[in-house]
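Engineer: In the working numbering, the protein residues as written are 438 to 578.
1) Mind checking which residues open and close the alpha helix (DSSP H) that includes residue 552?
2) CB residue 471 to CB residue 498, shorter than 8 Å?
3) Could you give the first and the last residue of the continuous alpha helix (DSSP H) run that contains residue 506?
4) Should residue 496 and residue 473 be called a contact, given that it needs their Cβ atoms to be closer than 8 Å?
5) Can you tell me which of 569, 457, 535 and 485 puts its alpha carbon nearest to the alpha carbon of residue 443?
6) Using the Cα positions of residue 491 and residue 563, report the straight-line distance between them to the nearest angstrom.
7) Return the residue from the list 548, 464, 445 and 456 that minimises the CA-CA distance to residue 514.
8) Which stretch, first to last residue, makes up the alpha helix (DSSP H) that contains residue 476?
9) Measure the C-alpha to C-alpha separation of residue 465 and residue 532 and round it to an integer number of angstroms.
10) Can you list, in chain order, the residues of its chain whose CB lies under 8 Å from that of residue 485, leaving out five sequence neighbours each side?
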């Protein structure tokens with residue numbers, strides 16, 4: 438089975454009904470421009486690439502947004518179905534493909550963009566301020 442094309446994902450992120458800053462954030466994710474340790478290391482910035490928040494060997498985009506226990510908890514609390522056999526997976530682009538095109542339109546208004554933003558802000562709060570973001574702000578409806 439072939440995975441999603443990155444160009445199609447990047448193109449679609451500009452069509453999502455959300456704030457421009459959210460579209461830009463999604464584009465940064467899809468172009469791997471977002472500042473996770475693995476990406477910074479690839480750009481020549483030295484240092485440890487492990488993800489201290491959950492003890493993973495590397496802080497990758499997929500680890501931060503889909504594999505780390507706090508992220509998994511956020512997805513579990515959201516209205517987006519999270520069957521581990523289907524979503525989330527170990528492939529970042531497959532996860533984004535799922536969010537863009539496989540989630541039922543009834544769950545819509547592209548809440549996943551806000552969930553991704555919430556996960557990113559929670560990660561940064563933990564790293565830079567040692568604050569743990571509560572997940573009770575999300576609830577199933």
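Glycine included, every Cβ here is placed at the ideal spot set by N, Cα and C.
Structural biologist: Inspection of the coordinates gives the following:
1) 548-566
2) yes
3) 506-514
4) yes
5) 535
6) 11 Å
7) 548
8) 474-479
9) 15 Å
10) 474
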